[in-house]
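Below is one structure; the comments refer to it alone.
Residue numbers (UniProt numbering): 1 to 747.
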């Protein structure tokens, strides 16, 4: 297959994504119910125990969706009937305070950004992929706003520590600065610390607000994250007080129950003051705002307005996103800051992975290639081996080991372990068919072919059935029931009749590019050369006539008469005054007229069969319109960009569906569908397009428009987080002179 490759890091990254999908495929959903008491004091308490048995919660279920073995004997698994019965039996019961517990909690700031943590943060907060983040960071670095952005180090120079502490003291007060300069230890395996952590450049850190006039919207958003992370790293710990209150309640049939309410309040913000409205990672699993519980005393009765119950289902393990994949690779010690973005891009370019929203979804091709490597090159896709290889390469780079010795061991093997030479010796015995086949049942197989994945059903005494697997269908969604549905769908092939002009059968079928009709040519035995190989087909060999269905037709409804009309295209209407034939035909972008080199777009598919020569001549008598017709309505509205407050919509264009905010357009990628598109994914696509235009310049059409326009203010917008502007500062920052493509972007 073309464009297929394996690599030291890309194959391991693909394997991680495939293994996650295997977990999802093996997942079995479980259901449980719980109860809550809505009190008159303004807080809710959840049911904790019934008759001394703890009520099941999310933590009692494993990654496979089933109840953990150690929890089976100790929990009460409520179903809907049991939950509603408890609600009814508790209806008239009040809560009685059983116990109260307060505990202080300290939260420390995180270290400054490394490449991977910057990519993770930009992914979770801004919805960007690793490659987009690195493009924008590169521009910030090249223009002198941040330090080098490819680093494993969490260390800051003495100059940077001093600048961060001064900024924190000036903006938030001396009590918000750590008593002594903070230093951090890196946790990354095989870290190379040639550069300091990513931080704002210079002896003093300019606030995001001060740089707002100079930065584009995306540059501003990333600089804002870097500035806050750096300054916060030298600030004091945040302090919180957590409160837990347990309540007794009795059902009308005498069962003892315990409810619990939790509260939390920030007593000293410390470094959280720098983050403003950013939610820190440590706060994500808890209430991020103050949740105060009212003052209560032991034995106090608390009135309950109502008891409610709610059903839950376990969810399969979340697929990797770009940030979580980078984090996993870093934990395993695989890859380098300079390679994370390119690794993720490569496995997408090779067709191993595509994005659905922000999730990385493996293709069936990825399953096939990963299975081949696991079977025949187990060591080469082993996580520990790949990480140890990183260490060896570092030693070679630093001169601690010799490259020739290492290559010899790798090729021939060492300490009884086979080398590449031995592993590749048996490549000839690999069964390609078995490698590209996955069994879904005894009779249904998933096959990976040159043009994509498909289903094959082999029933005894019956002709095999084939069905394409839609590219948008994820592997964990291809259940046996879904496979049977695809195989039984009428989209396979439907015979419509015989073409009277050629006496050939006409069938309707589904292809990679949509439904179409085609003639069936008779099977001709191929000619063989003297050596027994098939001869190449002659250029003048007969070809089957084909035609795509019109937008109003489906495989189920297209008729024999429709097929004959479609196969009659292109239709010659007559000639013009120059003697050119005027033809009407259906193209990729709809129906059109053609006379010589002059073509005219038509407004309706009905005109393909009704337009006359006189009407065509009238169309040609008018000047050719360069403008588009009436704009098509949007396919879907995604919501409002929280940064620009502009609506994001999906539209259908000449080259397919795209997302736009009115200024920037971004084509939907493989795996993206209008139905599955989210606001977050739309923002990511637009950010990627803006980053590409900043590097390569806008399209020629846009460039011509902008060249004629007057210079305007730099394209800036508020970030997703609150701007930090030094109080009392009214200085205007001088605009930095942009050069080359960056200048075009700024204008």
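By construction, the Cβ of each residue, glycine as well, lies at the ideal position given by its N, Cα and C atoms.
- The beta carbon of residue 371 sits closer than 7 Å to those of 435, all from its chain and outside the five residues before and after it, given in chain order.
- With fewer than 16 neighbouring CB atoms inside 10 Å of its own CB, residue 159 falls in the exposed class.
- The continuous stretches of beta strand (DSSP E) do not include residue 195, and DSSP gives it neither H nor E.
- Taking residue 381 as the centre and dropping the five residues before and after it, the same chain places the C-beta of 11, 12, 15, 370, 373 and 374 closer than 8 Å to its C-beta, in chain order.
- Its chain contains 249, 301, 302, 303 and 304 as the residues whose beta carbon lies nearer than 8 Å to that of residue 94, once the 5 sequence neighbours on both sides are disregarded; these appear in chain order.
- Going by DSSP, residue 103 is part of the beta strand (DSSP E) stretching over 95-107.
- Looking at 657, 589 and 573, the one whose alpha-carbon comes closest to that of residue 617 is 573.
- In the DSSP assignment, residue 455 falls within the unbroken beta strand (DSSP E) covering 452-457.
- Between the C-alpha atoms of residue 147 and residue 161 there is a straight-line separation of about 14 Å.
- With respect to the 7 Å criterion, residue 318 and residue 271 are not classified as neighbours on the basis of their beta carbons.
- Looking only at 619, 4 and 677, the smallest Cα-Cα distance to residue 355 is reached by 677.
- Distance between residue 340 and residue 395, taken at the CA atoms: about 21 Å.
- Only exposed fits residue 642, as fewer than 16 other CB atoms lie within 10 angstroms of its CB.
- When DSSP states are grouped into helix, strand and coil, residue 576 belongs to the coil group.
- Taking the CA atoms as reference points, residue 612 sits about 46 Å from residue 449.
- DSSP places residue 655 in the coil class of the three-state scheme, outside both helix and strand.
- With distances taken between CA atoms, residue 60 lies nearest to 314 out of 314, 175 and 458.
- Judged by beta-carbon spacing, residue 218 lies beyond the 7 Å limit of residue 344, meaning their Cβ atoms are not closer than that value.
- Annotated as proximal: residue 24 and residue 316, with beta-carbon spacing under 7 Å.
- For residue 605 against residue 552, the beta-carbon gap comes to about 7 Å, under 8 Å, which counts as contact.
- With 16 or more other CB atoms across the displayed protein chains lying within 10 angstroms of its CB, residue 224 is buried.
- Under the 10 Å beta carbon count, residue 368 is surrounded by 16 or more other beta carbons and is classified as buried.
- Ranked by Cα distance from residue 109, the options 126, 115 and 154 are led by 154.
- If you compare the alpha carbons of 523, 496, 583 and 578 with that of residue 557, the shortest gap goes to 496.
- When the five nearest sequence neighbours on each side are left out, the beta carbons in the same chain lying within less than 8 Å of the beta carbon of residue 489 are those of 467, in order along the chain.
- Collapsing the DSSP output to three states places residue 560 in a helix.
- Nearest neighbour of residue 590 by Cα position, chosen from 575, 607 and 580, turns out to be 607.
- Rounded to the nearest whole angstrom, the C-alpha separation of residue 601 and residue 593 is 6 Å.
- Per DSSP, the beta-bridge partners of residue 263 are 243.
- Residue 103 and residue 115 have their C-alpha atoms some 36 Å from each other.
- When C-alpha distances from residue 242 are compared across 106, 216 and 255, the shortest belongs to 106.
- For residue 462, no alpha helix (DSSP H) encloses it, and the DSSP letter there is neither H nor E.
- For residue 497, the pairing in a beta bridge is given by DSSP as 506.
- With respect to residue 156, residue 122 sits apart: the two C-beta atoms are not nearer than 7 Å.
- By alpha-carbon distance to residue 36, the top candidate from 30, 18, 28 and 46 is 46.
- Taking a C-beta distance under 7 Å as the contact criterion, residue 322 and residue 130 qualify as a contact pair.
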